[in-house]
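Same order as they appear, the protein sequences are chains X and Y. Each number in the numbering used here comes from the position in the first sequence (counting from 1) with 5 added on. Each number in the numbering used here comes from the position in the second sequence (counting from 1) with 65 added on. Report on the following structure.
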Amino acid sequence: MLQSRVGRGAALARLAMRIGGRYVARSPRLLFASVERRSELRHDLALRTADDVAEELGSMKGALMKLGQMASYIDEDMPEAFRTTMARLQYKAPPMSPELATLVIVEELGDAPERVFARWDPLPFAAASIGQVHRAITRDGRAVAVKVQYPGIARSITSDLRNAALLRRLAAAAFPGLDARALIDELGERLQEEVDYLLEADNQELFAGYYAGHPVIHVPNVVRELSTPRVLTSELLAGSRFDEMQRWDQRERDLAAETIYRFVIRSLYRLHAFNGDPHPGNYLFHGRGRVSFLDFGLTKRFTTEDLAPLIDGVRFMVVERDGEAFRRAMERAGFLRAGAPVATETVVDRFGHFYGTVLQDAPMTITPAYASTIVRRFFDARSPLAPYSDVPRAYAILQRINLGLYAVLGSLNATANWRRIAEEIWPFRNGPPSTPIGEAEARWERQRA
Amino acid sequence: MLEPMARVFERSVPERPADGGLFGPHSLVWRVHRDRSFPLAGMRSLMVQALHPLAMAGVAEHSDWRRDPFGRLAATSGYVLTVTYGDTAAAHAAASRVRAVHTHVRGIDAVTGLAYSAEDPALLLWVHAGMVDSIVTIVQRYGRRLDARDADRYVAEMVLFAEMVGVPARHVPASVAALREYLESVDLRQATPAARDAIAVVLDPPGLDDDVRELWRDLGQVAVGSLPGWARSMYGFADPPPEMMEREPVRQLIGALDLAFESLPGVLEARQRIELRMRA
């Protein structure tokens, strides 16, 4: 997917970036947060009918916004465009009117929300991708967050995806540097996953089950009997949002960063599943490093074979420091074309960026500047490796995670001995606990065994 | 290409209007003119309007449309938007500017040898009818729901639009049927070289990026396919394949273009202003 970016600058490309920016701006994913957020939703512009939904999100709009969002993770020019767009727009997708949301609940759960739940808040408190989130209390007294999908959106997305010819042209026009077919395939998978909340429920349960009892990582439980393809009911959580946590002292921010880092590494190497959207809106913070992880609409599961090249990469690059072996591993994985006329030390130098946090066994601060350097080098089309490297689609999601993770850790200015933490979790190392959180995690692991 | 349209759109929808304008937020005119299929309706309008040799001659000989086709299009669309969503004073001011320009547009058409004047109510009516018929046709096919009764109400409300530029109301068709009957009753219809020339530019405007051009061409084909049979045969255009005319793919095409448009500064905000006033 990483190819030269000649031809960039076409009008539609610039527009598509703005589109992507707007999508992110209007879709802060699940923000299980304070009631104040409610005032940010434009209830005065609420969508009142399925026709309104079709107008707002149908006819390629939803698909293209998603495409823009996806490309943002893999396109060098996007992040800056995103920030400016978000600053300019301050825009959120209009929520559904209470009547329209009720209609969906009736269709999905068989009765009006006031009867399905003991208490139902008719005004959503957060926007979600292709839906919105309501607070409710179940009849057995549990506080829950109910994600309700826009009616008709699934059908319209399916129809958009069927128009592959137009989608391919749009993708090629908007992102000339990227492989349009791969992008569309990925888009199709992502959207099909997103429209079926039961898939998300499965993923969320996988994570919730694995992390049950974990000292600092929490994943809200799914309420199965109140979940359907268009309604996802989970445990309601309270906590601080990312921007609030940003104002906490550095010690707290370091702990939060450590937990996020542990979550990403552990999910990949131990659970073999990845929540692929390390977006600041997908966390809730509870202090002392305790973090809740929300929104599993973008999850990828890895097989042992998928993981092998990643494990080899770490082993040869970081632990054994064997450049030739590393290069062969990258070639086997399809990241690097075999026989590329590039010196092995160049390969090591370039791929080394991925391992920047774990190369040294020492505390390291991830600054915003460091994070953006990583992102830039990651997409550097002028890299001597660019003509010979390509990231297979199975790993595209890892790119997102890497970039998102660096962005999050960078904005926290977080310091830790990342290498020691990773060593604890890498299955081929099983290093000793290196921090208090590590100690607690080790106890948790012994108990669950 | 979309930028001038966006600037015009933002300016034409006032933030603090003195009143509800000529039609008011609950009119059909307000509802119909914010439809996202409007660019397509605009293309079709031009194709119909150009088939009157004298109307075409006025444009060909008195405007710089060729040098800046999108600027010209933006000016026209700004006029329609201001008369629709502007307050009464803004609407009247826009109309008197247009009438003032029209006083200078006169001459002899080379093809028919006839004298023309842009103040001629007959020409103004033709241009009006071409636009209103195109809007009704395109919105009904590709826009939000507009049933036959509302379409008639819309055409009737639009009589005022024609009056604003100097057509006596009694001459202006006030229903969809009357509108189409009128269009087919005009004898002086033909595709002059100037018309063919202009429509060739509409279908493939210069200065489009390659990537947008393909989308634009497809949209042009849909506009061609939506023309009345007589108009299509005058130009000698072939019928586009029927699958190209289906509602869903055309809406997807429009949606893609509209998203690009809506992403430009000020557009979404202007749309929200319209929506909020319509709900109030």
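C-beta: ideal position from N, C-alpha, C; glycine also.
- By the C-beta density criterion, X:ASP49 is exposed, having fewer than 16 other C-beta atoms within 10 angstroms.
- Neighbourhood of X:GLY63 in chain Y, by CB distance below 9 Å: ARG316, GLN317 and GLY320, in chain order.
- Below the 7 Å Cβ cutoff, chain Y contributes GLU313 as neighbours of X:SER164, in chain order.
- When Cβ-Cβ separations below 7 Å define contact, X:LEU175 makes contact with chain Y.
- Y:ALA187 is the residue among Y:ALA187, Y:LEU341 and Y:ASP198 whose C-alpha sits nearest the C-alpha of Y:HIS236.
- Boundaries of the beta strand (DSSP E) around X:VAL153: 148-154.
- Within chain Y, ALA321 and LEU324 have C-beta atoms less than 7 Å from the C-beta of X:LEU69, given in sequence order.
- CA-CA distance, Y:ARG316 to Y:VAL287, rounds to 11 Å.
- Note on X:LEU62: 16 or more other CB atoms within 10 angstroms of its CB, so buried under the neighbour-count rule.
- For X:LEU171, the nearest CB of chain Y lies under 7 Å from its own CB, placing it at the interface with that chain.
- Residue Y:VAL230 holds the alpha-carbon nearest to the alpha-carbon of Y:SER161 among Y:VAL230, Y:LEU105 and Y:VAL145.
- Flagged as an interface residue toward chain Y: X:LEU50, by a C-beta distance shorter than 7 Å.
- The three-state secondary structure of X:ALA427, taken from DSSP, is helix.
- Spanning the alpha carbons of Y:PHE135 and Y:PRO69 requires a straight line of approximately 7 Å.
- Shown here, X:ASN280 sits in a strand according to DSSP, grouped into three states.
- Spatial neighbours of Y:TRP130 in its own chain (CB-CB distance under 7 Å, excluding positions within 5 residues in sequence) are listed in chain order as VAL124 and ARG137.
- Contact annotation, Y:LEU116 with Y:ALA303: C-beta distance approximately 17 Å; criterion of less than 8 Å not satisfied.
- In the displayed model, X:TRP253 falls within coil according to three-state DSSP, outside both helix and strand.
- With a threshold of 16 other beta carbon atoms within 10 Å, X:LEU237 meets it and is buried.
- For X:ASN287, there are no C-beta contacts with chain Y under 9 Å, since the nearest C-beta of that chain is about 24 Å from it.
- In chain order, PHE37, VAL138, ARG140, SER239 and LEU241 place their CB closer than 7 Å to the CB of X:ALA150, counting only its own chain and leaving out the 5 sequence neighbours on each side.
- In this chain, X:GLN137 is not harboured by any alpha helix (DSSP H); it is covered by the beta strand (DSSP E) spanning 136-142.
- Listed along chain Y are ARG101 and ARG209, each with a C-beta nearer than 8 Å to that of X:GLU60.
- Among the CB atoms of chain X, none fall inside 7 Å of the CB of Y:GLU75.
- Where X:PHE298 is concerned, the enclosing beta strand (DSSP E) starts and stops at 295-298.
- Here X:GLN209 is buried: its Cβ has 16 or more other Cβ atoms, across all protein chains shown, within 10 Å.
- Taking C-beta separations shorter than 7 Å and ignoring five residues to either side along the sequence, the partners of Y:GLN205 in its chain run LEU211 and ALA216, following chain order.
- Taking the Cα of Y:VAL289 as reference, the smallest distance to any Cα among Y:ARG312, Y:GLY86 and Y:LEU105 is reached at Y:LEU105.
- Three or more beta-carbon pairs separated by less than 8 Å link the segment 212-222 of chain X to the segment 269-279 of chain X, which places the two stretches in contact.
- By the Cβ neighbour-count rule, X:GLU205 is buried, with 16 or more other Cβ atoms within 10 Å of its own.
- Counting only residues of its own chain and dropping the five nearest sequence neighbours on each side, X:ALA334 has a CB closer than 7 Å to the CB of PRO314, ASP317, GLY318 and PHE321.
- Taking 7 Å as the cut-off, the beta carbon of X:PRO373 is found no closer than this to the beta carbon of X:GLY409.
- CA-to-CA, the gap between Y:GLU75 and Y:GLU327 works out to about 11 Å.
- From the beta-carbon of Y:LEU341, the residues of chain X found nearer than 8 Å are ASP49 and LEU50.
- X:PHE331 is not a Cβ neighbour of X:TYR288, given a cutoff of 7 Å.
- Apart from the 5 residues on each side of it in sequence, X:GLY157 sits with its Cβ closer than 8 Å to the Cβ of ALA55, VAL58, ALA59 and GLY63 in its chain, given in chain order.
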